[in-house]
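What follows is one structure encoded as structure tokens, with my remarks underneath.
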Amino acid sequence: MTALAVLAAVVAAVCFAIGGALQHRAVAAEAVPGPAAGPAGSGAARLGADGFAALLRRPGWLLGLGLAGAGAGLHALALVVAPVSVVQPVGVLAVPVAVLLAARATGRRPSTAVGVAVGLAVGGVAGFVALAAGSAVPGAADPTTLALAGAGVGIVVLGLSAVAARASSPALRCLSCAAAGATAFGLVSALVRALAERVVAGAPVLDVAGLAGAIVVALLAGGWLVQQAFAAGPAELVVATLTVVDPVVAVGLGIALLGEGAATGLPAALGMAGCAVVAAGGVLVLSRHHPDALRRRERARATGPVESDGRLVTAGRP
2 MTALAVLAAV VAAVCFAIGG ALQHRAVAAE AVPGPAAGPA GSGAARLGAD
52 GFAALLRRPG WLLGLGLAGA GAGLHALALV VAPVSVVQPV GVLAVPVAVL
102 LAARATGRRP STAVGVAVGL AVGGVAGFVA LAAGSAVPGA ADPTTLALAG
152 AGVGIVVLGL SAVAARASSP ALRCLSCAAA GATAFGLVSA LVRALAERVV
202 AGAPVLDVAG LAGAIVVALL AGGWLVQQAF AAGPAELVVA TLTVVDPVVA
252 VGLGIALLGE GAATGLPAAL GMAGCAVVAA GGVLVLSRHH PDALRRRERA
302 RATGPVESDG RLVTAGRP
């Protein structure tokens with residue numbers, strides 16, 4: 002069964018990567034320049050309500066959404082028949098697959114910096130999940146705990162969304178939106194587990210319906226934010242951010258609020274924190290060295306000096 006789970010996780014990772022590339026292509030066609038776009042066209046693009054409605058008529062976006070859904074289903078199936086420590090590290094294969102797809106689309110071979118970034122992200126997530134799975138214990142989720150989790154995640158998502166709303170840098174807006182969406186998806190994992198516990202325990206219908214409604218809200222919010230991330234930046238950066246932030250948030254909620262970290266010692270906790278930092282560092286490196294960032298810097302050099310993130314330095318800016 003473990004071999005079947007690994008195969009399902011591999012196929013799921015490929016589905017996530019291809020689905021992300023298809024969605025990004027469609028979203029980029031419907032996105033509009035942000036209000037802070039500079040003369041070099043380097044402002045962060047947005048996806049409005051009209052653009053989102055147009056996506057529903059694009060076969061490519063719908064296919065990408067279907068592949069993402071299929072990937073989620075296969076990943077969930079793998080988690081049913083194999084330990085998290087086996088399945089979750091396989092899921093990070095979506096990052097190198099997304100990078101290879103971007104390289105093929107742009108005609109650029111991945112640079113050494115991109116390879117290092119992918120290695121840091123993949124290795125960091127794999128180490129984090131392995132340490133978390135090795136020390137996790139079953140925990141119960143009471144209504145008060147779930148409410149606290151929802152409120153805490155909501156504050157984080159709103160904060161990241163505020164950063165994204167003010168960002169003129171495409172990389173910053175992309176990272177903020179993707180991280181906010183991944184945070185919402187991490188909450189979904191905790192809520193799904195709580196919902197399963199309620200159903201098995203024969204909880205009241207209103208209790209089950211409330212959790213189901215919260216899951217739908219978190220999914221819609223996360224989905225909208227991820228589409229905004231696709232509008233602002235490349236698919237591989239969005240996929241990498243989701244791959245890093247989602248499991249970190251899900252495990253963090255399990256440890257902090259569901260009591261799953263009762264058996265986690267100080268060495269394991271420090272190791273998990275270190276792995277999370279390494280994975281986040283990989284995403285940041287990727288945000289600076291992916292092909293889109295290089296193209297923006299090349300375009301900006303033709304018209305004037307640029308800042309470290311590739312934006313044109315305009316008059317009056319220090």
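So the sequence shown is numbered by this note's numbering: it starts at 2 and just counts up by one. Backbone N, C-alpha and C fix where the C-beta goes; we use that ideal spot for every residue, glycine too.
{"Asked": "Classify residue 123 as helix, strand or coil using the three-state DSSP reduction.", "Found": "helix"}
{"Asked": "Evaluate contact between the region 154 to 161 and the region 176 to 195, counting only Cβ atoms and requiring at least three cross-stretch pairs below 8 Å.", "Found": "yes"}
{"Asked": "Measuring alpha carbon to alpha carbon, tell me which residue in 183, 213 and 233 is nearest residue 197.", "Found": "213"}
{"Asked": "Grab the span of the alpha helix (DSSP H) containing residue 201 for me, first residue to last.", "Found": "171 to 202"}
{"Asked": "So, at 6 Å on beta carbons, what are the nonlocal neighbours of residue 62 in its own chain, with the 5 sequence-adjacent residues on each side left out?", "Found": "24, 27 and 56"}
{"Asked": "Using CA atoms only, rank isn't needed, just tell me which of 105, 150 and 80 is closest to residue 216.", "Found": "150"}
{"Asked": "Report the three-state DSSP secondary structure of residue 33 (helix, strand or coil).", "Found": "strand"}
{"Asked": "Classify residue 47 as helix, strand or coil using the three-state DSSP reduction.", "Found": "strand"}
{"Asked": "Short of 7 Å in beta carbon distance, which residues of its chain neighbour residue 124, apart from the five on each side in sequence? Order them along the chain.", "Found": "279"}
{"Asked": "Nearest by alpha-carbon distance to residue 1: which of 235, 147 and 243 is it?", "Found": "Outside the shown range of the chain (2 to 319) lies residue 1, about which nothing can therefore be said."}
{"Asked": "To the nearest angstrom, how far is the alpha carbon of residue 275 from that of residue 102?", "Found": "29 Å"}
{"Asked": "So for residue 291, helix, strand or coil by DSSP?", "Found": "coil"}
{"Asked": "How close, in whole Å, do the beta carbons of residue 88 and residue 6 come, if the pair is a contact with beta carbons under 8 Å?", "Found": "6 Å"}
{"Asked": "Tell me the residue span of the alpha helix (DSSP H) that contains residue 83.", "Found": "No alpha helix (DSSP H) contains residue 83, which DSSP labels as neither H nor E."}
{"Asked": "Considering Cα atoms alone, identify which of 195, 244 and 11 is closest to residue 130.", "Found": "244"}
{"Asked": "Excluding sequence positions up to five away, which residues of its chain have a Cβ less than 7 Å from the Cβ of residue 133?", "Found": "252 and 273"}
{"Asked": "Using only alpha-carbon positions, find the residue among 220, 285 and 176 that is nearest to residue 193.", "Found": "220"}
{"Asked": "Cβ atoms of residue 93 and residue 119: under 7 Å apart, would you say?", "Found": "no"}
{"Asked": "Would you tell me roughly how many angstroms separate the C-alpha atoms of residue 170 and residue 281, rounded to the nearest one?", "Found": "19 Å"}
{"Asked": "Buried or exposed: where does residue 67 fall if 16 or more other Cβ atoms within 10 Å of its Cβ makes it buried?", "Found": "exposed"}
{"Asked": "When we look at the beta-carbon of residue 174 and count the other beta-carbons within 10 Å, is it buried (16 or more) or exposed?", "Found": "buried"}
{"Asked": "Looking at residue 181 and residue 242, is the spacing between their C-beta atoms short of 7 Å?", "Found": "no"}
{"Asked": "Between residue 72 and residue 13, which are expected to be in contact by the criterion C-beta below 8 Å, what is the C-beta distance as a whole number of angstroms?", "Found": "4 Å"}
{"Asked": "Could you give the DSSP three-state label for residue 112: helix, strand or coil?", "Found": "coil"}
{"Asked": "Given a cut-off of 7 Å on the beta-carbon distance, is the pair residue 290 and residue 177 in contact?", "Found": "no"}
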